[in-house]
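Novice: So for the sequence shown, the working numbering puts the first residue at 244; every next one is plus one.
By construction, the Cβ of each residue, glycine as well, lies at the ideal position given by its N, Cα and C atoms.
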Amino acid sequence: MKLAIFLPNWIGDVVMATPTLRALRRQFPAVRIVGVMRPYVADVLAGTPWLDDQVFFDPRSTNRYRRAWSVARQLRAERIDTAVLMTNSWRTGILARMSGARERIGYAREGRGWLLTTRLQPPMSRRLRVPTPALDYFLQLAYALGCRPESPQMELAVSSADVCLAQQAFSRLGVDGRRVVAFNTGGAFGPAKMWPIEYFARLAQRIVAEQDASVLVVCGPSERQHAQEIVRLAAHSRVVGLADETPSIGLTKACITRSRLLVTTDSGPRHFAAALSVPVITLFGPTDIAWSETHYPRATHLQLQLDCQPCQKRVCPLKHHRCMRDLSVDAVYRAVVAELCREEHAHAA
């Protein structure tokens, strides 16, 4: 038997898929498992033990070997027996069919039910999807293949090379690795998820002044300007960022795992903390927490209770963005202090 797993595209969803990957590997220890993924997904999963090989699929790539026809040929060459679709798109349903897999398991969405041999239905109420954690949503695919109940604990690895890069970055930036609070400001979903940059800067000032800690602003290529602006506004030698480093998912994972705490928007790297056993405070605005609940005991969720929440919109339709602007620096700082105190007490015990 050979198994192909079509992995999610969003970074956070990939991390939430790790319990499913673990369950499938435990159920099928001798089976060859091939991951079908966007190229950057490989960096998220680097060092984990569940996949035997990977095939890169990117329908917009200029590299023809990553387009649908080539990917289908690669999978046919692998003689795939079963395809598990964590994606929900019609396109990947077609690709799974083209792969030659006799068994195709996925959710019957986007009109692709006829392309599947085992069709799961998402939880619905009055023709609307019921908010369900992606982590649990993915696990149902593993259970459809007969896997035993699996822990929801997400899991990632950090390579020794990335650990060295993080150590070098900490050294260049003058960061004390024993007491670092990391910030993640990303929001690829859209600006509605963003907490104001000036709020992050004020929070950083309070942390360094009152908690004897450094603040490290992690960032990807698209968040470099935000990271630089936080550092500039905070105007303190112990508030530093990765904007001038060569950005990579591996470096971000390594820096988060060296931190005492991550303060983050509801974006992909938020899940790195939970998967690497680092406490995390997530600032929620327009999104429903239920979609990305991780069951992680060291996670703190902060969200206001406004009439317009959660709207699930990428841009505030009311133009005021109160869901994030009214989430005060004081409220987030109190959560930071509470988490740092909990960790100190745990270390003392």
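How far does the alpha helix (DSSP H) with residue 336 in it reach, from first residue to last?
Specialist: Residue numbering aside, residue 336 sits at position 93 when the sequence shown is read from its first letter. Segment 333-341, the alpha helix (DSSP H) holding residue 336.
Novice: If distances are taken between C-alpha atoms only, which option among 393, 375, 301, 557 comes closest to residue 534?
Specialist: Position 291 of the sequence shown, counted from the start, is the residue given in the question as residue 534. The candidate whose alpha carbon is nearest that of residue 534 is 375.
Novice: Would you mind stating whether residue 582 and residue 543 have Cβ atoms separated by less than 8 Å?
Specialist: As a working mapping, residue 582 is identified with position 339 in the sequence shown. As a working mapping, residue 543 is identified with position 300 in the sequence shown. In this structure, residue 543 lies closer than 8 Å to residue 582 by Cβ.
Novice: Using a Cβ-Cβ cutoff of less than 7 Å, which residues in the same chain neighbour residue 265 once the five nearest sequence positions on both sides are dropped?
Specialist: The residue labelled residue 265 in the question sits at position 22 within the sequence shown. These residues qualify, in order along the chain: 293, 393, 398.
Novice: Among 291, 298, 246, 530, which has the Cα closest to the Cα of residue 276?
Specialist: Taking the first residue of the sequence shown as 1, we reach residue 276 at position 33. Per the Cα distances, 246.
Novice: If we count the other Cβ atoms within 10 Å of its Cβ and call it buried at 16 or more, is residue 567 buried or exposed?
Specialist: On the sequence shown, residue 567 is found 324 positions in, with the first residue counted as 1. Classification for residue 567: buried.
Novice: Using alpha carbons as the reference points, say which of 320, 323, 356 lies closest to residue 337.
Specialist: Here residue 337 refers to the residue found at position 94 when the sequence shown is read from its first residue. Nearest C-alpha to residue 337: 356.
Novice: Taking the alpha-carbon of residue 546 as reference, which of 312, 509, 443, 378 has the nearest alpha-carbon?
Specialist: The count along the sequence shown starts at 1 and reaches residue 546 at position 303. Of the candidates 312, 509, 443, 378, the one whose C-alpha sits nearest the C-alpha of residue 546 is 509.
Novice: Can you name, in chain order, every residue of its own chain whose Cβ lies under 7 Å from the Cβ of residue 448, other than the five neighbours on each side?
Specialist: Locating residue 448 in the sequence shown gives position 205, where the first residue counts as 1. If we look at residue 448 and ignore the five residues flanking it on each side, its Cβ neighbours are 477, 479.
Novice: Would you mind listing the beta strand (DSSP E) stretches within the stretch 431-519 that are 3+ residues and don't spill past its ends, in chain order?
Specialist: As far as the stretch 431-519 is concerned, its whole beta strand (DSSP E) runs of at least 3 residues are 457-461, 482-484, 504-508.
Novice: What did DSSP end up calling residue 386 once you bin it into helix, strand or coil?
Specialist: Locating residue 386 in the sequence shown gives position 143, where the first residue counts as 1. Reduced to three states, the DSSP call for residue 386 is helix.
Novice: Which ranges would you report for the beta strand (DSSP E) in the stretch 536-588 if only whole runs of at least 3 residues count?
Specialist: Runs of the beta strand (DSSP E) inside the stretch 536-588: 542-545.
Novice: Would you mind stating whether residue 358 and residue 350 have Cβ atoms separated by less than 8 Å?
Specialist: Reading the sequence shown from its first residue, position 115 is the one you call residue 358. Reading the sequence shown from its first residue, position 107 is the one you call residue 350. Cβ distance not < 8 Å, so residue 358 and residue 350 don't count as in contact.
Novice: Taking all protein chains shown into account, do 16 or more other C-beta atoms lie within 10 angstroms of the C-beta of residue 452, making it buried, or fewer, making it exposed?
Specialist: Looking up residue 452 in the sequence shown gives position 209. When all chains shown are included, residue 452 counts as exposed.
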